[in-house]
Each structure stands twice: as C-alpha cells, then as structure tokens.
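Quick note on this note's numbering: the sequence shown kicks off at 19 and runs consecutively.
Built from N, CA and C at the ideal position, the CB exists for glycine as well.
Accompanying notes for the structure given below.
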Amino acid sequence: MIQKTPLIQKDFNKDFNESFRNLLLSFMPHELGVYIHFPWCLQKCFYCDFFSLELKREQNHHILYERYICSLRKEFHLRMAKNSSFAGFQKITSVFFGGGTPSLMPAELLHSILSMLKADLDFSPDCEISLEGNPENMSQDYLCSLHQIGINRVNVGIQTFRPSFFHEMNRFYSEECYQSILSDLKNSPFLNFGADLMCGFPGQKSDDFFEDLERLLTANPNHLSIYGLTIEEGTPYHSHVKKIGFPEEELQCEVLRELPSFLLQHGKEEKALKQYEISNFAQATFPCRHNIRYWVYEPYLGLGPGAHGFDGFYRYANPKSISLWEDTLDQGIPHCPLSDLPILLLRICGRVPLAIWKKVLLENCRLPMSSWQAACEIFQKWEKRGLAVLEAQDSGGHYSEKQAIGISRARSEKEYIEQFFQWKPEGIQVLDDCVFELYSALRHSS
Ligand code: SF4
C-alpha cells in the first residue's frame, strides 16, 4: 500500500519559488511563442477531442508530410507578412510541436520546420523547443536525432503502463516500446523531459495510478502532467461510454488531492516535482515555458490545422480539417479578456508576483485601473477565507498566518505589488467558484 499524506503548502522550497518567479517575469514584449499542430496519430483514441486523424497504412506518408510542410510554410509566411499583426515580432522564446503525434515526423522534417522559422525570426539563446510524442516513436536513435536538430525538451504521453486500459480506449500500445521508454529517456541526451499520465480510466483504482507514477518516477522526469479522463461530446468515447464505463471521477479528485505531497515525498529536495499549475508539476527551472505563455496572456503564433493563435489582441482558430486549413486563413476575432479568465493566472499553483497580475490585467488584457483594484479586493477576501495567501517577496515561500495577515494590509500600492499570490489547497478545491467571483468583480468594475 502506498503512503500518501495531505499537501503541506510550506513545502515549496525557496529555489523553486525563485526560479518560478524569474520564469514568470522573463516574458518580454515583442517576443513570441510558436505552436505547430501535427494532425496525425497511429490510431484515434476514443476519448480524444484534439484534431487528429488516423494515419492509414496505405497512405504514402512521405507525400502526405511534404504537402503538410508546404501548407505550413504558406501559412507561416502569410501570418508573418509585413502588414500582418505578427509582423512586429522578431524573437522566439518557445516552440511547441503538439498534435496529434508529432513524434511521427521524421527528424529531417522537423529540422526543415525549424529552419523555416529561423530564416525569419531570431531564436533567443535559451529558446525552449518542445516536442510531444508517444512511446511507440521515441526510440533512442530518434531521441538522439531530435537533440541534434536543436529540440531541447520532449514530453511523452505514457498515460498508463496497463495495456488493458488502452484496449478499451482504442489507444495504440506496443509492449516493447513501453518496456524501453523509461530507459530510453534516461539514457537520452535530453536534460529536460517530461511525461503525461492519465487517471480515471473505467475500473482504475488509486493504487493502479500511483504504481504507474512510481514506475515513471524511476526515470526521474523533470516534468509531469496529469490528465483526468473526461467525456468530450462528439468523441467516440461519448457514444460508447455505456459499454466501456464512465470515467472514475472520484478517483481523479482523490489523485489530484494526494499528488502534491506524494511527489514531494518521492524526490530528493531539489529533484522533487512541485505543482505549479492545476495539472502540471516540475522540478525547479523546468516548468514548461510555452504553456506558461498561455496562462500569462502572452502572444503565440499557431500554425497547422486545428491550431490556435493569439497576437496579443486577436485570437484565431484554424479549421479542424486539412483541406479547409489549406484554403482558409482565419484572421481571428478580438479577444475578450474576461472570457479567458479560467485559463489565465488563476490556474497557476506556484507563487505569482502581484506585479504579474497587475501587468496581465492592465497591459495584456487592457482592463482599467478599477479592475486591478477590484482584483486586489478579491485576493484579500480569499486570503481572509483561507483560500489563498498573500506574502512578502523575501519570505522564501514559507507561509506563516501572522505574516500573511499583516502583509494583506499593505500601506501602499508599491508595498502591495511586491507581494505574491498563491493558492492554498482549499482554494484549488473551489477554483471554479473563485473564477466566477473574480469574473463578476472584473465585469462590474470595467
Ligand atoms: S494519441 Fe493523443 S492526439 Fe492521438 S488520438 Fe490519442 S489522445 Fe488523441
């Protein structure tokens, strides 16, 4: 039986907090992230709501990919054209190959996409270049070639080590690849790799999940994402749910409650994975820079069928069809900052400087000063209700009740924005209600 104890918030150590703060503060105007959507998978999982198509054996994959790269090139040049809203961006700080299963792409194709981006944009020296993949494509040789072409972060969708859960979900499974993936990752040249696990498969027990997790942790990943199995309308899983069973929702709540402390106990100090977002955990300096970009409302260029993009003012969503994507360039519609609230900073579980909150609300979302004041009042209410903490910059992340109450009565604006906001576990449990509360306050104030 695996031992688990409740989360103790003060266990966030100082190094993690400092590097997380630096990461949040590192986003600069005129810097861009790029998301590239690769739309094929070996098999279409029943539960999947992403735009992904099954790669048919009889198709000529080489021709298919060449055509895809051609269309990608066309979209990139149209979106970066002189009079377009992305034209002012010159520097890239993150690139993310998502999908679908981008690890199906041969390294030469990935290299040609990176060269296309590099021809028009500067890559910052510490640019994070991530690729998502599945165990069946991540051989040692492939990992080495990815590293050689400049990809510096890989994330593998393990989901579970139990094939029985996959069979019912129509997910591709290769025994051999699942046996070797952890040692392949450990012995690869990547210093930054992560993995996804899922919880809530019909019939899955808490111990099944934590055994998967323990096995994964033997590879010492720098990053972990946890996804609950959900029923998305329109997916084959939605129509077959009666046959294969409903997701184990109680298990999902239990896992998310116990995970932070479990991970803290299963890593030596600086190697422990710490929760920095609702479903994401990382070692210090390894939170995913590209994903944080979404939560701090920073622009990103989305390329490929089904990709989304945001230029800081307009949001667009490319058609979820290859032929429509090839023929249409969606210019997007002006964003509504309030409707984006659930994906903004509220998802972050690490300590967020209030200076970032102020910047996001006033500069990125272009809300008035009265909205910032309304947000401050809400933060103080949450602090009083025991849902969040506001603490001083030099406290090193060690929360004390006395200190927090004193600080929440900051005398000046400067004193106030030098504080940090951080959820307590009690706040995360009622996050939806809190999002609604802040949404209402901002709506009335703007
Ligand atoms: S492998 Fe991932 S993207 Fe592909 S169908 Fe399955 S869940 Fe969707």
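Nearest candidate by alpha-carbon position, reference residue i, set the options
i: Ser-130; options: Ala-302, Ala-393, Arg-189 and Ile-54; result: Ile-54
i: Tyr-196; options: His-165, Leu-234 and Leu-164; result: Leu-234
i: Asn-188; options: Cys-452, Asp-159, Gly-285 and Phe-219; result: Phe-219
i: Met-98; options: Pro-143, His-80, Glu-76 and Leu-50; result: Leu-50
i: Pro-181; options: Glu-146, Leu-135, Asp-230 and Pro-207; result: Asp-230
i: Pro-337; options: Glu-93, Glu-272 and Ile-147; result: Glu-93
i: Gly-445; options: Ile-396, Gly-404 and Leu-408; result: Gly-404
i: Ala-137; options: Ile-110, Gly-368, Glu-276 and Leu-149; result: Ile-110
i: Phe-68; options: Ile-249, Arg-365, Ser-103 and Met-46; result: Ile-249
i: Glu-154; options: Gln-222, Asp-140 and Glu-194; result: Glu-194
i: Gln-440; options: Gly-368, Ala-325, Gln-398 and Asp-451; result: Gly-368
i: Leu-269; options: Ile-244, Lys-261 and Leu-449; result: Ile-244
i: Tyr-83; options: Met-123, His-48 and Leu-449; result: Met-123
i: Val-448; options: Ile-296, Asn-78, Val-370 and Leu-460; result: Ile-296
i: Phe-208; options: Gly-221, Asn-238 and Asp-225; result: Asn-238
i: Thr-303; options: Asp-144, Gln-283 and Ser-103; result: Asp-144
i: Leu-408; options: Glu-381, Leu-135, Glu-146 and Ala-373; result: Ala-373
i: Thr-236; options: Gly-263, Leu-281 and Glu-266; result: Leu-281
i: Ala-392; options: Asn-382, Leu-460, Asp-451 and Gly-330; result: Leu-460
Under the three-state DSSP convention, the category residue i falls into
i: Glu-395; result: helix
i: Ala-373; result: helix
i: Ser-142; result: strand
i: Leu-456; result: helix
i: Phe-45; result: coil
i: Gly-445; result: helix
i: Gln-197; result: helix
i: Val-488; result: Past the edges of the chain, shown from 19 to 464, lies residue 488, and the structure says nothing about it.
i: Ile-340; result: helix
i: Ser-192; result: coil
i: Ala-137; result: helix
i: Glu-468; result: Residue 468 lies beyond the stretch modelled for the chain, which goes from 19 to 464, so this question has no answer here.
i: Val-378; result: helix
i: Met-187; result: helix
i: Glu-409; result: strand
i: His-326; result: strand
i: Asn-205; result: coil
i: Ile-366; result: strand
i: Glu-276; result: helix
i: His-462; result: helix
i: Ile-351; result: strand
i: Gln-421; result: Any reading at Gln-421 needs caution, since the residue's pLDDT is 42, under 50, leaving its predicted position unreliable; the model's value is listed next. Helix, per DSSP.
For residue j and residue i, believed in contact at Cβ under 8 angstroms, the rounded distance
i: Lys-376; j: Ile-435; result: 6 angstroms
i: Asn-240; j: Gln-301; result: 5 angstroms
i: Met-156; j: Asp-202; result: 6 angstroms
i: Ile-169; j: Leu-128; result: 7 angstroms
i: Phe-211; j: Val-273; result: No, Phe-211 and Val-273 are not in contact; Cβ-Cβ is about 22 angstroms, not under 8 angstroms.
Sequence-distant residues of its chain with Cβ nearer than 8 angstroms to residue i (five each side left out)
i: Val-378; result: Val-314, Tyr-315, Leu-362 and Leu-363
i: Tyr-457; result: Leu-356 and Leu-359
i: Ala-125; result: Tyr-160, Ser-163, Leu-164, Gln-166 and Ile-167
i: Gln-61; result: Glu-72, Asn-188, Arg-189 and Phe-190
Cutoff 7 angstroms; reference residue i; Cβ partners in own chain excluding five residues on either side
i: Leu-96; result: Leu-347
i: Phe-179; result: Tyr-196, Asp-230 and Arg-233
Sequence-distant residues of the same chain with beta carbon closer than 6 angstroms to residue i, five excluded per side
i: Leu-71; result: Pro-57 and Trp-58
i: Phe-114; result: Tyr-53, Ser-148 and His-308
i: Ser-37; result: Ala-302 and Thr-303
Length-filtered (3 minimum) beta strand (DSSP E) runs lying within the segment 57-135: 109-117
Give, in chain order, every unbroken run of the alpha helix (DSSP H) that is at least 4 residues long and sits entirely within the segment 222-270. 224-235 and 254-262
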